[in-house]
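**Q** All the letters of the first sequence, read from the start, carry residue numbers -6 to 89 under the numbering used here.
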Amino acid sequence: MFTDMLAVVRRIPKGRVSTYGEVATASGHPGAARQVVWALRAATNVPWHRVLGAGGRIRLTGDSGFEQRLRLQSEGVIITGDKIDLKRFRHVFRHT
DNA sequence: AAGATGACGCCCG
DNA sequence: CCGGGCGCCATCT
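#1: Mind checking who Ser11 pairs with in its DSSP beta bridge?
#2: Would you mind reading off the limits of the alpha helix (DSSP H) that contains Thr(-4)?
#3: Applying the criterion that 16 or more other CB atoms from any shown protein chain within 10 Å of the CB defines a buried residue, is Val85 buried or exposed?
#4: Does Arg52 come out as helix, strand or coil in the three-state DSSP assignment?
#5: Out of curiosity, what's the CA-to-CA distance linking Gly74 and Ala32?
#6: Taking one C-beta from the segment 58 to 72 and one from the segment 17 to 36 each time, how about it: are there three or more such pairs within less than 8 Å?
#7: Sort Thr37, Pro6, Ala35 and Met(-6) by Cα distance to Thr18 and report the nearest one.
#8: Report the residue from Pro6, Thr89 and Asp78 whose alpha carbon sits nearest the alpha carbon of Arg50.
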């Protein structure tokens, strides 16, 4: 399960983002958004900063949230307040 | 075994 | 936009 989710997260290209819910669904585990968090927490070498809450909101709190902002901005993602414009940066998973 | 937690999501007022 | 409530589910106490 976690491995499936991590595989999905790893597919998010630089400069693009996704959401916990999207990752859960795309990995074959719809509704398991909370488990995506667990997967990211336990994993390493994954672009965790590219995963946001529904609506493109940064759900991370405190210092980590600040870091996520910096990382996203450094990839060219525009952040307004605490939200990201999904219309513009959301990554769409596909099966080729 | 039972209750609490959380980087969640969705609906309603 | 903001707050409140409920469903969800692996993990931790």
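All C-beta atoms in this analysis are idealised placements derived from N, C-alpha and C, irrespective of residue type, glycine included.
**A** If we stick to the structure as given:
#1: On the first sequence, position 18 is the one that residue 11 refers to. The partner list for Ser11 (beta bridge, DSSP) reads Val44.
#2: For the purposes of this step, residue -4 is identified with residue 3 of the first sequence, where counting begins at 1. Where Thr(-4) is concerned, the enclosing alpha helix (DSSP H) stretches over Phe(-5) to Arg3.
#3: Residue numbering aside, residue 85 sits at position 92 when the first sequence is read from its first letter. Taking all protein chains in view, the Cβ of Val85 is surrounded by fewer than 16 other Cβ atoms within 10 Å, so the residue is classified as exposed.
#4: To locate residue 52, count along the first sequence from 1; it is residue 59. Three-state result, Arg52: coil.
#5: By one-based count along the first sequence, residue 74 stands at place 81. By one-based count along the first sequence, residue 32 stands at place 39. Those two C-alpha atoms are separated by around 27 Å.
#6: By the C-beta criterion, the segment 58 to 72 is judged not to be in contact with the segment 17 to 36, since fewer than 3 inter-stretch pairs fall below 8 Å.
#7: Numbered from 1 along the first sequence, position 25 holds the residue referred to as residue 18. That would be Met(-6), whose Cα lies nearest to the Cα of Thr18.
#8: In the first sequence, the residue the question calls residue 50 occupies position 57. Looking at the Cα atoms, Asp78 is the closest of the given residues.
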